[in-house]
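Enquirer: The opening residue of the sequence shown carries number 23 in the numbering used here; numbering runs sequentially from there.
Here a beta-carbon is modelled for each residue, glycine too, at the ideal position from N, C-alpha and C.
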Amino acid sequence: MSGNKDNYRYRVYYARFEIAAWIAHLDLMRVFQRASKRADLPLVYTQGFNPRPIMEFALPIGVGIETRNEPFDFLLSQKMNIEDIKNNLNAKLPNGLEIVRVESLSSDVKNLMSLVNAAEYQISADGLGTVVKNYYFDNSNPLFASRERKGKIREYQIRDYIIKLKIIDNNTVTYISKAGSAENLRPDLFLQAFIAAKQISEETALNAIIIRKNVYLTEEKICG
């Protein structure tokens, strides 16, 4: 994140739910930019012909996925009370978006995206908890997902990306997986692996309710 030493950096944690979960990532960034302007925050802007508020989001989030503790950083030209930032933003955000907390950061903190280490997801679908309990923990059962990158289809074993997995009930599981620009087990790929293994149907996966509960940064202890 660019800026000079006279600017002030803040980390904002937000939740999104209900209708706001269907806002695409780029549109979501614009919503926060507009809300920040309407809240009269002293934003720092990029240089050039099309200046925009300097904001950095941790990890893109898929359409339809709710969040509970999602971070983004921004720069202000003046120091502000963190509770004022939180309250002013919440007053201007649309339904389904809520600022959970705000932190003041030192100017030498690394870029947010480079700090992303892991992500925690909760997935609820008909019978998913039972399926995962009976299938996942036997390592002889194949669990592969595939995705296309740079024109090449890559297949990988999803167990290699999962740090922790917990069965909540017959329909719900949570898992913490590696995340970031290099490694990232999205929830659609988690479900894809169980479809490929003929453990759930595509319809079951399409009707799943997905929540990203947390994004872990390198300095944070992974729990759950």
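Compute the Euclidean distance between the alpha carbons of S99 and P82, then round it to the nearest angstrom.
Expert: For S99 and P82, the distance between alpha carbons rounds to 26 Å.
Enquirer: Just checking: is the beta-carbon of Y178 within a distance shorter than 8 Å of some beta-carbon in chain C?
Expert: Absent from the structure: chain C. Only one protein chain is present.
Enquirer: Verify whether the separation of the beta carbon atoms of I145 and P64 is less than 8 Å.
Expert: Taking 8 Å as the Cβ cut-off, I145 and P64 do not qualify as a contacting pair.
Enquirer: Could you compute how far the alpha carbon of E225 sits from the alpha carbon of R176?
Expert: Cα to Cα, E225 sits roughly 24 Å from R176.
Enquirer: DSSP three-state call for L228: helix, strand or coil?
Expert: DSSP places L228 in helix when its eight states are reduced to three.
Enquirer: How would you write the range of the alpha helix (DSSP H) that D106 sits in, first residue to last?
Expert: Counting along the chain, the alpha helix (DSSP H) containing D106 begins and ends at 104 to 114.
Enquirer: At a cut of 8 Å, does the stretch 180 to 190 reach the stretch 122 to 135 through at least three beta carbon pairs?
Expert: No: the two stretches stay apart, fewer than three of their Cβ pairs being nearer than 8 Å.
Enquirer: How many Å lie between F96 and N161 at the Cα?
Expert: So the alpha carbons of these two residues sit roughly 43 Å apart.
Enquirer: State the start and end residues of the unbroken alpha helix (DSSP H) segment that holds Q55.
Expert: Taken as a continuous stretch (DSSP letters only), the alpha helix (DSSP H) holding Q55 covers 47 to 60.
Enquirer: How about L119 and Y36: are their beta carbons less than 8 Å apart?
Expert: Yes.
Enquirer: Can you tell me whether F71 is buried or exposed? The criterion is at least 16 other CB atoms within 10 Å of its CB, across all chains shown.
Expert: Result: exposed.
Enquirer: Between which two residues does the beta strand (DSSP E) containing K155 stretch?
Expert: That residue, K155, is in no beta strand (DSSP E); its alpha helix (DSSP H) goes 150 to 157.
Enquirer: Return the Cβ separation of K114 and R60 in integer angstroms, given the expectation that the two are a contact with Cβ distance under 8 Å.
Expert: Indeed they touch by this definition, with Cβ atoms about 4 Å apart.
Enquirer: What is the residue span of the alpha helix (DSSP H) that D210 lies within?
Expert: 209 to 218 is the span of the alpha helix (DSSP H), which, as asked, contains D210.
Enquirer: Shortest alpha-carbon distance to G151 belongs to which of A141, N163, N193?
Expert: Out of A141, N163, N193, N193 has the C-alpha closest to the C-alpha of G151.
Enquirer: Would you kindly work out how many angstroms separate the C-alpha atoms of F216 and R90, rounded to a whole number?
Expert: Cα to Cα, F216 sits roughly 25 Å from R90.
Enquirer: What is the residue span of the alpha helix (DSSP H) that S136 lies within?
Expert: Segment 134 to 137, the alpha helix (DSSP H) holding S136.
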